[in-house]
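Data first, discussion second: the structure below is written as structure tokens.
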Amino acid sequence: MNKLQEIREALAGATPGPWEYEIYDDMADIYPVKGPHNPICQTWTKTEEPMQNSENNARLIAHTPEYLSYLLQLVETQWEALEEMREQIPIIQDNLESPNVRHNAANMIEYKIQQALGTL
54 MNKLQEIREA LAGATPGPWE YEIYDDMADI YPVKGPHNPI CQTWTKTEEP
104 MQNSENNARL IAHTPEYLSY LLQLVETQWE ALEEMREQIP IIQDNLESPN
154 VRHNAANMIE YKIQQALGTL
């Protein structure tokens with residue numbers, strides 16, 4: 054199994070998001086927005102390291118489903134753009150002598166790179 058599939062399966066198997074967090078005196082609860090208000094995770098707060106960063110940890114954990122979904126979509130979009138560029142390589146190679154083909158190929162590659170980087 055590749056790592057992306059492993060991440061998809063882990064995300065699909067987790068408690069559905071979105072998640073929220075609440076900070077208390079000595080801990081933070083992370084729980085689903087919808088459904089029972091039962092914590093799915095807790096972080097503990099103390100004045101000494103490493104637990105003094107509990108609120109930041111809780112915020113990161115609570116946003117994990119959203120972040121992972123976004124990153125998976127970004128990777129898939131970039132992968133698709135790269136595959137489309139790869140399919141153009143034989144056409145470009147067969148027609149390198151044509152200035153029009155070189156120009157169109159360069160424009161297509163630039164477009165696909167911008168698309169993959171999310172700059173369009």
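Residues 54 to 173 in the numbering used here are what the sequence shown lists, from first letter to last.
C-beta atoms are modelled at their ideal positions from N, C-alpha and C, and glycine is treated no differently.
In the displayed model, residue 74 falls within a strand according to three-state DSSP.
In the structure shown, residue 81 adopts extended strand secondary structure according to DSSP, grouped into three states. By DSSP's assignment, residue 95 forms a beta bridge with 82. In this model, residue 159 and residue 132 are separated by some 19 Å (Cα to Cα). Per DSSP, residue 107 is one residue of the alpha helix (DSSP H) stretching across 107-147. DSSP places residue 66 inside the alpha helix (DSSP H), whose first and last residues are 56-66. Here residue 152 is exposed. Its C-beta has fewer than 16 other C-beta atoms within 10 Å. About 7 Å separates the Cβ atoms of residue 107 and residue 80, confirming a contact at the 8 Å cut-off. Looking at 58, 168, 55 and 72, the one whose alpha-carbon comes closest to that of residue 119 is 72.
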